[in-house]
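K.L.:
Can you read through this structure? Questions will come right after.
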Amino acid sequence: PEYSCPAASVLPLTDDMTALKDRIGEMEANGWTFGNIGMAWGWRMLSPEVPFTEGVDWDNTAWRKVVVMMTDGDNVRSSPYGGFGINGTHSVSSSSVLDDRLRDVCENMDAQDNVTVYTITFDTGGIDSTTEQLYEDCAGNGGSHKHVTTSDELIQVFRSIAQELSNLHIKS
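Everything in the sequence shown is counted per the numbering used here, starting at 20 for the first residue and increasing by one.
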């Protein structure tokens, strides 16, 4: 991978819990948050088109397309590059641009493909009220937003979403 790209690659849609847990275990935090890219890849994962073809057709009503997005920080992209290469003392932040891109992805998912979006902000000291509102606005099509501050709350929110998604409904 390129400089600062995650070592863990994207895992296509699967119901293999062991593979999912293993892939999550391979992930490492690096201090940057790109909610827009994470949300866009979540949307792509649901697609029946390349690069991932495991998703069912967009008009297949037998399946719900759902993205669950959790973040622990504000959208930020800092760069160690200065005028003469990597110098470790220079940082450029473009949070507002990243926020706008996240808004665009959420609006497009909502308008074009009727994707249900759940968002979770896990505040470990790195989330401001603007970010929380951004993720609250992003939740849609029957999804919801939750803000948590402890790992116990985070586990409970994921359990609640899983329970909601696993409820069976009989249609007449």
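Virtual Cβ for every residue (Gly too), placed ideally from N, Cα, C.
Treat the numbers as computed from the prediction; the structure is a model and nothing was measured.
So, is Gly61 buried or exposed, given that buried needs 16 or more other C-beta atoms within 10 angstroms?
P.N.:
Walking along the sequence shown from the start, residue 61 turns up at place 42. So Gly61 ends up on the buried side.
K.L.:
If you check the beta carbons only, do Asn133 and Leu117 fall under 7 Å apart?
P.N.:
Stepping through the sequence shown from its first residue, residue 133 is reached at position 114. Stepping through the sequence shown from its first residue, residue 117 is reached at position 98. No.
K.L.:
Determine whether the beta carbon atoms of Asp91 and Thr143 lie at a separation below 7 Å.
P.N.:
The residue labelled residue 91 in the question sits at position 72 within the sequence shown. The residue labelled residue 143 in the question sits at position 124 within the sequence shown. Result yes, Cβ atoms of Asp91 and Thr143 sit closer than 7 Å.
K.L.:
Tell me which residues share the same chain as Pro20 and place their Cβ nearer than 8 Å to its Cβ, disregarding the 5 neighbours each side in the sequence.
P.N.:
As a working mapping, residue 20 is identified with position 1 in the sequence shown. With a pLDDT of 46 at Pro20, under the threshold of 50, the modelled position of that residue is not reliable, and the figure given next carries that caveat. Ala26.
K.L.:
Are the region 119–126 and the region 47–66 in contact at 8 Å, needing three or more beta carbon pairs?
P.N.:
Yes, the region 119–126 touches the region 47–66.
K.L.:
From Gly50, Val75 and Trp51, pick the residue whose C-alpha is nearest to that of Thr33; which is it?
P.N.:
Reading the sequence shown from its first residue, position 14 is the one you call residue 33. Minimum Cα distance to Thr33 is reached at Val75.
K.L.:
Ignoring anything shorter than 4 residues, give me the alpha helix (DSSP H) runs that lie fully in the region 53–98, in order along the chain.
P.N.:
Runs found: 54–64.
K.L.:
I'd like the span of the alpha helix (DSSP H) that includes Thr37, first residue to last.
P.N.:
The residue you call residue 37 lines up with position 18 of the sequence shown. Start and end: Met36 to Glu45.
K.L.:
With H, G and I counted as helix, E and B as strand and the rest as coil, what does DSSP make of Thr138?
P.N.:
Counted from its first residue, the sequence shown places residue 138 at position 119. Strand, per DSSP.
K.L.:
Between Gly145, Val136 and Asp171, which has its C-alpha nearest Glu155's C-alpha?
P.N.:
Here the question's residue 155 lines up with position 136 in the sequence shown. The residue with the shortest Cα to Cα distance from Glu155 is Val136.
K.L.:
Using C-beta distances below 7 Å, list every residue in its chain close to Ile180, excluding the 5 sequence neighbours before and after it, in chain order.
P.N.:
Counted from its first residue, the sequence shown places residue 180 at position 161. Cβ within range, chain order: Val87 and Tyr137.
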